[in-house]
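Visitor: Chains as they are written, first to last, in my numbering: chain A, 1 to 415; chain B, 1001 to 1415. Before we start, here is the structure in question, set down as structure tokens.
Number of protein chains: 2
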Amino acid sequence: MSFFRKKIYACAGFNTVSLGSGRKEFHPKKPRPGIEHYIKEAGLGTIEQIENPANIDEGVIGNFVAERFCKQGNLGGFFPIVHPTFQYKPCIRVEGACDSGGLALVVSIKTILADLADVILAIGVEIQNSVKAIYGADYLAAAGWYSGERKKGHAYFFPDQFSQRAGACFEKFGYDKIRAGMSQWYVNAIENARKNPKAQEFHNKNPELYATGMTSPNPKVFCEYINVFDCSKVSDGGSALLFASEEGLKKIGVDKKDAVEVVAYAQVQDNLTTPPPDLTKLSTCEIAAKRAYERAGIKPEDLSVLDVHDCFTIAGVLAIEAAGVAGYGEGADFIKDGKTKTDGVIPTNATGGLIGYGHPTGATGVRQAVDVVHQLLNKAEECQVNIHPDRPFGMMSSMGGNDKTVAAMVFRKTE
Amino acid sequence: MSFFRKKIYACAGFNTVSLGSGRKEFHPKKPRPGIEHYIKEAGLGTIEQIENPANIDEGVIGNFVAERFCKQGNLGGFFPIVHPTFQYKPCIRVEGACDSGGLALVVSIKTILADLADVILAIGVEIQNSVKAIYGADYLAAAGWYSGERKKGHAYFFPDQFSQRAGACFEKFGYDKIRAGMSQWYVNAIENARKNPKAQEFHNKNPELYATGMTSPNPKVFCEYINVFDCSKVSDGGSALLFASEEGLKKIGVDKKDAVEVVAYAQVQDNLTTPPPDLTKLSTCEIAAKRAYERAGIKPEDLSVLDVHDCFTIAGVLAIEAAGVAGYGEGADFIKDGKTKTDGVIPTNATGGLIGYGHPTGATGVRQAVDVVHQLLNKAEECQVNIHPDRPFGMMSSMGGNDKTVAAMVFRKTE
Chain A
1 MSFFRKKIYA CAGFNTVSLG SGRKEFHPKK PRPGIEHYIK EAGLGTIEQI ENPANIDEGV
61 IGNFVAERFC KQGNLGGFFP IVHPTFQYKP CIRVEGACDS GGLALVVSIK TILADLADVI
121 LAIGVEIQNS VKAIYGADYL AAAGWYSGER KKGHAYFFPD QFSQRAGACF EKFGYDKIRA
181 GMSQWYVNAI ENARKNPKAQ EFHNKNPELY ATGMTSPNPK VFCEYINVFD CSKVSDGGSA
241 LLFASEEGLK KIGVDKKDAV EVVAYAQVQD NLTTPPPDLT KLSTCEIAAK RAYERAGIKP
301 EDLSVLDVHD CFTIAGVLAI EAAGVAGYGE GADFIKDGKT KTDGVIPTNA TGGLIGYGHP
361 TGATGVRQAV DVVHQLLNKA EECQVNIHPD RPFGMMSSMG GNDKTVAAMV FRKTE
Chain B
1001 MSFFRKKIYA CAGFNTVSLG SGRKEFHPKK PRPGIEHYIK EAGLGTIEQI ENPANIDEGV
1061 IGNFVAERFC KQGNLGGFFP IVHPTFQYKP CIRVEGACDS GGLALVVSIK TILADLADVI
1121 LAIGVEIQNS VKAIYGADYL AAAGWYSGER KKGHAYFFPD QFSQRAGACF EKFGYDKIRA
1181 GMSQWYVNAI ENARKNPKAQ EFHNKNPELY ATGMTSPNPK VFCEYINVFD CSKVSDGGSA
1241 LLFASEEGLK KIGVDKKDAV EVVAYAQVQD NLTTPPPDLT KLSTCEIAAK RAYERAGIKP
1301 EDLSVLDVHD CFTIAGVLAI EAAGVAGYGE GADFIKDGKT KTDGVIPTNA TGGLIGYGHP
1361 TGATGVRQAV DVVHQLLNKA EECQVNIHPD RPFGMMSSMG GNDKTVAAMV FRKTE
């Protein structure tokens, strides 16, 4: 029995370049495209792949905090700039911190299941280079509880939250093992990004990635247990993905073989006012993955491709445990042994992930889904991994805050 | 034929006090409840009216700009504070400027229609008294296009936008007529609010309301064509409303006679980067109302109660024209003739509206729906209007920005 009351497909998708430090075309002092540009570029890049964009019924825009970085809200109002036929159609902006993009996927699917639309354009977008990193860190801290934990928090609030997670893992499972897994995660991220022309680390030529990953933390200027290479960068970018019913695919002229089926999702919300139950686990991500697998009727072993939310290398380590591909405390070794590499047991973040592609926060959940869909459609170009005929599934898991707001979605290659 | 694929009901709802200047308990220098409080108070006030809140499946939170007023995002993370059984359930935060609450209603309905849930708690919330009004006006200006119109805009951006609308109406239809309609709108708003203990203007004892409404604008300190009484106030508040399927009503122990049916809605998005096509019209609101009526299979004359988005008195005048209860250019006379009063042709904003109840922006759309539902259930206490047996419908229309983002929803009394 299907989890959804009717078939839902994802077809065309598009990611912009993730712009920020590391990209050759980025210069902190030069003017850069605004949020409108990324919404339009991602939207157009997607609808150019289909016939008749007039048949797109609605839009959803995922964005975390344009109110701060761009002094801009009412973001649905940028949907009509993508295509003239979108004028006076509905568009909803959703926010769930760094899971905002994941929530855009969820609302898109709900709208089609509701029989209110046949084709939905989900867009994720974020601008973060508009202010210095230290101010940006404060804006992004809006994902944590302002009246609570943030009052006594670190200037780099989220890096510090995940630094504490790394410290807890060092203590519980041993520094060498966890640190090696984190550094190998960094190596894989950059190596994968070098094959993805849209990735922020595409131009990274560092020949000593592992040594760089092992850089000692400097608590005087940053965090206690992690270094700056353990962190996803400050990024501007947008992503878009089209969802359609069976009828919708016909309306936009997409053959079912050029679409993947969305088989299930799970969205899980933890309480923002309580501390994580266990610093060595992404408990909410784990619940979301378990629910998603159960609803899809599959096991982690059925995945050919996985995309997890590695806002920090330690988050990557914990995310593959939460996704059930590695056991508790075993993620670091799993990574060190090459099992998450593109030719490994479960290719994970094959396009670079948040560390390699970049992390335009509100775009990330959509970007992850676009990349999983491209993999299942064999359209991932240099980043393509092997989709096993008997493992036709891919999953993405997107996380907002410190394991607070999570959306996981399972896709299946069509016959 | 129904617009929705299955029956959707709204049942229990709750509005907090709209706190701000005018309320006796408000003092600008004294500590006030935060956003967490209003989410919890509105949510609890609602779920206390039903059996078994554990059967609530999901939450939706409408909020405009807590990122500025409260330095807080990731708002879905406050859903679990309402009730322990909400932990790890989904919650989505939606934003559409002052229509954020309206969008929360829309996503709630989509989720039930999608067969993903039977009972949804929609919450709207906003805090605005955390900063001085002039800063607040800048935060709220996020509803307009920052890179465009706002660059050359007025310090009181939105008041000025609607002041220009008033000026255009004065020029086209005559100052005396329009001004009289605006002032009468103010009178009705305060008179209705005096019967609503939750209203910000509940304590207003001014015996000369019409004269106050006629106060001359002072462009030196405010706007050219409107005075401060033409504006909804700065408000903190929250509202919540439960939506359920037929099965959902049973699960929460609500009899169908204690619920109203949601018969249709229309959500319409105009382009944020273009000026309004006609300053003397709320064109997007008009499209939304027309679509909502058509989908509900009714005419404006079938309504017994109407709640429109009077962020300014001129918006009230134009909103009743957009809702089709008064003809183009005839709204002001319609109001002056008492036709929108609680004993008039179409009782409008019977609980005070945004001018009288207050305008905690992200809460407003939910507040409007709560009040329409209470009217149809005969639970509006001192504010109750006559629900004609042959006009069993009520409509709310919520607007974000300068007629940019609109949701209109039609409810029907059950047998």
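C-beta atoms are modelled at their ideal positions from N, C-alpha and C, and glycine is treated no differently.
Give a yes or no on whether 9 Å exceeds the smallest Cβ distance from Glu1247 of chain B to chain A.
Guide: no
Visitor: Please name the residue, chosen from B:Asp1403, B:Met1396, B:His1374, that lies closest to Thr1414 of chain B on a Cα-to-Cα basis.
Guide: B:His1374
Visitor: Check the Cβ of Asp160 of chain A against every Cβ in chain B and list those closer than 8 Å, keeping chain order.
Guide: One finds nothing in chain B with a Cβ atom closer than 8 Å to the Cβ of Asp160 of chain A; even the nearest lies about 17 Å away.
Visitor: Check whether the Cβ of Thr1340 of chain B lies closer than 9 Å to any Cβ atom in chain A.
Guide: Chain A contact via Cβ: absent.
Visitor: CA-CA distance, Phe14 of chain A and Val1065 of chain B?
Guide: Phe14 of chain A and Val1065 of chain B: Cα-Cα distance of roughly 29 Å.
Visitor: Determine, for Thr1111 of chain B, whether the minimum Cβ-Cβ distance to residues of chain A falls below 9 Å.
Guide: yes
Visitor: For Val254 of chain A, which three-state DSSP category applies?
Guide: coil
Visitor: Residues of chain A with CB under 8 Å from Ala1143 of chain B, in chain order?
Guide: Gly73, Asn74
Visitor: At 9 Å on the CB atoms, spell out the chain B contacts of Phe78 of chain A, in chain order.
Guide: Trp1145, Asn1271, Leu1272, Thr1273
Visitor: Decide if the region 1299-1309 of chain B is in contact with the region 1393-1408 of chain B; the criterion is three or more beta carbon pairs, one per stretch, under 8 Å apart.
Guide: Below 8 Å, enough C-beta pairs join the region 1299-1309 of chain B and the region 1393-1408 of chain B to call them touching: three or more.
Visitor: Tell me where the alpha helix (DSSP H) around Ser1100 of chain B begins and ends.
Guide: 1100-1113
Visitor: Taking only beta-carbon atoms, is Phe222 of chain A less than 9 Å away from chain B?
Guide: no
Visitor: Beta-carbon within less than 6 Å of Cys70 of chain A's beta-carbon, same chain only, minus the 5 sequence neighbours each way: which residues are those?
Guide: Leaving aside the five residues that flank Cys70 of chain A on each side, the residues in its chain whose CB is nearer than 6 Å to its CB run, in chain order, Ile35, Ile127.
Visitor: Closest to Ser130 of chain A by C-alpha separation, out of A:Leu282, A:Lys172, A:Gly20, would be which residue?
Guide: A:Gly20
Visitor: Counting only C-beta atoms, is Arg1165 of chain B closer than 9 Å to chain A at any point?
Guide: no
Visitor: Between Tyr456 of chain A and chain B, is there a C-beta pair that is closer than 9 Å?
Guide: This structure does not reach residue 456 of chain A, given that chain A is present from 1 up to 415, and the question cannot be answered.
Visitor: Going by the beta-carbon positions, is the gap between Tyr88 of chain A and Asp1270 of chain B smaller than 9 Å?
Guide: yes
Visitor: Find the residues of chain B that neighbour Cys70 of chain A, judging by a C-beta separation of less than 7 Å, and give them in chain order.
Guide: Tyr1146
Visitor: Which two residues bound the contiguous beta strand (DSSP E) that contains Cys1091 of chain B?
Guide: Element bounds for Cys1091 of chain B: 1091-1095.
Visitor: Can you round the beta-carbon distance between Thr1361 of chain B and Leu1105 of chain B to whole angstroms, since I take them to be within the 8 Å contact cut?
Guide: At roughly 15 Å, the Cβ-Cβ gap does not stay under 8 Å, so Thr1361 of chain B and Leu1105 of chain B are not in contact.
Visitor: When you compare the region 1310-1321 of chain B with the region 1329-1344 of chain B, are there three or more beta-carbon pairs, one atom per stretch, that lie closer than 8 Å?
Guide: yes
Visitor: How about Arg1232 of chain B and His1359 of chain B: are their beta carbons less than 9 Å apart?
Guide: As written in the sequence, residue 1232 of chain B is Ser, which differs from the Arg given in the question. With respect to His1359 of chain B, Ser1232 of chain B sits close: the two C-beta atoms are nearer than 9 Å.
Visitor: If you measure beta-carbon to beta-carbon, which residues of the region 1086-1101 of chain B are closer than 7 Å to chain A?
Guide: In summary, the residues of the region 1086-1101 of chain B whose CB is separated from some CB of chain A by less than 7 Å are Gln1087, Tyr1088, Lys1089, Pro1090, Cys1091, Ile1092, Arg1093, Val1094, Glu1095, Gly1096, Ala1097, in the order they occur in the chain.
Visitor: With DSSP as the reference, identify every bridge partner of Ser1397 of chain B, one or two as the case may be.
Guide: B:Ala1408
Visitor: Which residues does DSSP pair with Phe1312 of chain B in a beta bridge?
Guide: B:Cys1231
Visitor: Taking Cβ positions only, does Leu1103 of chain B come closer than 9 Å to chain A?
Guide: yes
Visitor: Using a C-beta cutoff of 9 Å, does Tyr139 of chain A count as contacting chain B?
Guide: yes
Visitor: For Phe393 of chain A, go through chain B and note every residue whose CB falls closer than 9 Å to its CB, in chain order.
Guide: Here the premise fails: no neighbours, minimum Cβ distance about 21 Å.
Visitor: Can you give me, in chain order, the residues of the region 1002-1013 of chain B that have a beta carbon less than 7 Å from any beta carbon in chain A?
Guide: Arg1005
Visitor: Taking the alpha-carbon positions, what's the Ile120 of chain A to Asn188 of chain A distance?
Guide: 33 Å
Visitor: 9 Å is my cut-off, CB to CB: does Ile47 of chain A come that close to chain B?
Guide: no
Visitor: Following the continuous alpha helix (DSSP H) through Phe1069 of chain B, name the residue where it begins and the one where it ends.
Guide: 1066-1069
Visitor: With 9 Å set as the bound, which would you pick, yes or no: does the beta-carbon of Asp1115 of chain B sit closer than that to a beta-carbon of chain A?
Guide: yes
Visitor: Tell me the DSSP secondary structure of Lys1151 of chain B in three-state form.
Guide: helix
Visitor: Measure the alpha-carbon distance for Ala1180 of chain B versus Gly1153 of chain B and round it to whole angstroms.
Guide: 28 Å
Visitor: At the level of alpha carbons, what is the spacing between Ile1226 of chain B and Ile1039 of chain B?
Guide: 33 Å
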